[in-house]
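Protein chains in written order, with the working numbering: chain A, 41 to 372; chain B, -4 to 116. We treat Cβ as the ideally placed atom computed from N, Cα and C, and that holds for glycine.
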Amino acid sequence: MSSLPEVHLVAGTPAEAFRLAPVALAMREQGRLTPVLVATGADPAAVDATLERFRLTPKITLPSAAGQTETVRRFDALWAGRTPDAVVIRDDLPAALAAFWRRIPIMQIDAGRRDGDLLAASAGESRRRLLAQVATVHLAATPLAAMNLLDERVVAGDLLLTGGTAADAAGKLLRRRPHQRRVVLGVPPERAQAIGPALRYLAARHPDLEVLRPDQVRTLAEAYVVVTDDGDLLEEALAFGTPVLAITEGTEFSEAVHAGSVRVVAADPAAITSAVAELLDSRIRRDAMAAGGNPYGDGLASYRVAQATAALLGHGQFPDPMPARPVAGVAR
Amino acid sequence: MRESAMDVVSFWTKSWTSDDRVAARQLLAPDAEIEWNLDAPVDEEELVQTLHRIAAFADTVTVVEQTHADDGAALLYDLVAPFGTVRMIEFLGIENNRITEVRQVYDVTATDRFFPGLYEQ
């Protein structure tokens, strides 16, 4: 049996599994920790499927209950019998609460993401702020996320700018590919019903155009542009070097908007179709967006997260933070 | 969780949310460990006074969820103030029908906004 400190990486959604998988691989590569993947959430099988892409298998499966209370109790029971030296989480509040209750150190990746509106804050936003209050080390993807945490009185010494690990995951799965004339539409079904037909009108001018759902990694990697209102999908698209038209009214994607790789569009089928048509008509415009790069990570975040976790447990030094300047993308 | 410990949790929440400082104080063991994430030192007196201010200022205080273990409980509260709601998580440790540990985690951003001056008096 390994004598290395055991760290539980808790993935409750495919998006979390996508970001935690490279961390587990980095921990294994660095050889200072024993990573144990925990698949949880409403659909652990979907988490398993994402981990499988990285040839990883969760050692523990702990389905979430309908209520948060029961989920906390299940994690508490798990960790009463098998107490890890630390846990790594992204957004899983029940797991974080159970760990905090047992005084298990909590490493939070992608810490500090906020939409910036306290009054209209969603339940998810409130959960993120509470999670920040129980986390031990806050691993932020961007300088803005780090500033959000400092504004919430997180101690600067508990904060590390690592970058986001989606870029690492993308790099492990696929190299950049020549893009196809594909528009990936990553929105909920009711919105897709309104936007999809409008986009297909563009096929009259662009006969080779395809409009697809974001169901495969390759789809994102080969897309011409992604249209989405989902922050996780937006980050994953940028990780694959694909520009994004973001349907949003908040400020949560401002780093990517400033970088140029994301443009904000109104939630109106005509406006979205017009923005897509503009990019289809001009390869230069599309490539200029892609050249804005990915402000959410430089591809080394998982190594920093693994190193920081080991350092917290007394193995080695904390890593240097990610250089704050975004890495410029390369047009394909 | 033993029934008596559950009674302690129930009595604690009822006491402080109804601003019964005497009853709340009686439930705390003399050497209870108390900690929170607010930017101020805390001891038994400060905790009771702060809970009193919350109970007095809030429109309502509700226990949204609670989880019980053998030796304690975790509670999630909604503190509804006139201009917004603050979430607070409380972890209680219980021995011999007394509360031996209180750990409170506030959403500090919302607390500062909706309960101004809560812990600076």
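If you draw a straight line from the Cα of A/LEU353 to the Cα of B/ASP73, it is about 35 angstroms long. Under the Cβ distance rule, B/ALA76 does not count among the residues neighbouring chain A, no pair being separated by less than 8 angstroms. At a cut-off of 8 angstroms between beta-carbon atoms, B/ALA35 makes no contact with chain A. Listed by position along chain B, the residues whose Cβ is nearer than 8 angstroms to that of A/VAL112 are THR62 and ALA69.
Neighbours of B/ILE84 across chain A, judged by C-beta separation under 7 angstroms: LEU137 and LEU170. A/ARG169 is a Cβ neighbour of B/ASP102, given a cutoff of 8 angstroms.
Those residues of the stretch 12 to 37 of chain B placed with their C-beta closer than 8 angstroms to a C-beta in chain A are ASN32 and ASP34, ordered along the chain. For B/ALA64, the secondary structure class from DSSP, reduced to helix, strand or coil, is strand. Contacts between B/THR95 and chain A, judged by CB atoms closer than 8 angstroms, are missing: the closest CB pair is about 14 angstroms apart. Inclusion of A/ALA180 and A/LEU199 in the CB contact set at 8 angstroms is warranted, their separation being smaller than that value. Using a Cβ-Cβ cut-off of 8 angstroms, A/GLU69 does not count as an interface residue toward chain B, since no Cβ of chain B sits closer than that to its own. A/VAL127 has a beta carbon lying at 8 angstroms or more from every beta carbon in chain B. Of all C-beta pairs linking the stretch 85 to 93 of chain A to the stretch 107 to 115 of chain A, fewer than three are shorter than 8 angstroms, placing the two stretches out of contact. Just so you know, the alpha carbons of A/THR97 and A/GLU69 end up roughly 16 angstroms apart.
Comparing alpha carbon positions, the residue from A/ALA139, A/ALA348, A/VAL284 and A/SER104 closest to A/ALA82 is A/SER104. B/ALA19 and B/LYS9 have their C-alpha atoms spaced approximately 9 angstroms apart.
It is roughly 26 angstroms from the alpha-carbon of A/GLY290 to the alpha-carbon of A/LEU60. Runs of the beta strand (DSSP E) spanning 3 or more residues and lying entirely within the stretch 227 to 310 of chain A occur at 250 to 252, 265 to 268, 284 to 287 and 302 to 305, in chain order. Between A/THR268 and A/VAL223, the gap from beta carbon to beta carbon reaches 8 angstroms or more. Under the 8 angstroms criterion on CB atoms, B/THR104 is classed as interfacial with respect to chain A. The contact set of B/VAL100 on chain A, defined by CB atoms closer than 8 angstroms, consists of PHE140, LEU170, GLN173 and VAL174 in chain order.
B/GLU85 has B/LEU70 and B/GLN99 as its beta-bridge partners, per DSSP. Distance between A/ASP208 and A/MET362, taken at the CA atoms: about 13 angstroms. At least one beta carbon of chain B lies nearer than 8 angstroms to the beta carbon of A/SER166.
For A/LEU49, DSSP records a beta bridge to A/LEU77 and A/VAL128. Sequence-distant Cβ neighbours of A/PHE58 in its own chain, meaning closer than 6 angstroms and more than five residues away, are THR90 and ALA209. Excluding the 5 residues flanking it on each side, B/THR45 has same chain C-beta neighbours closer than 7 angstroms at LEU113 and TYR114, in chain order. One alpha carbon belongs to B/THR62, the other to B/ARG93, and they sit about 18 angstroms apart. The Cβ-Cβ distance between A/ALA263 and A/ILE287 does not fall below 8 angstroms. Distance from the CA of B/ASN32 to the CA of A/GLY197, rounded to the nearest whole angstrom, comes to 16 angstroms. The stretch 75 to 93 of chain B and the stretch 142 to 155 of chain A do not touch, with fewer than three beta-carbon pairs separated by less than 8 angstroms. With fewer than 16 other beta carbons inside 10 angstroms of its own, A/ALA106 counts as exposed.
The alpha carbon of B/VAL81 has as its nearest neighbour, out of B/PRO25, B/THR104 and B/SER13, the alpha carbon of B/THR104. With fewer than 16 other CB atoms across the displayed protein chains lying within 10 angstroms of its CB, A/ARG325 is exposed. Within chain B, the C-beta atoms nearer than 7 angstroms to that of A/THR109 come from GLU60, GLN61 and THR62, in chain order.
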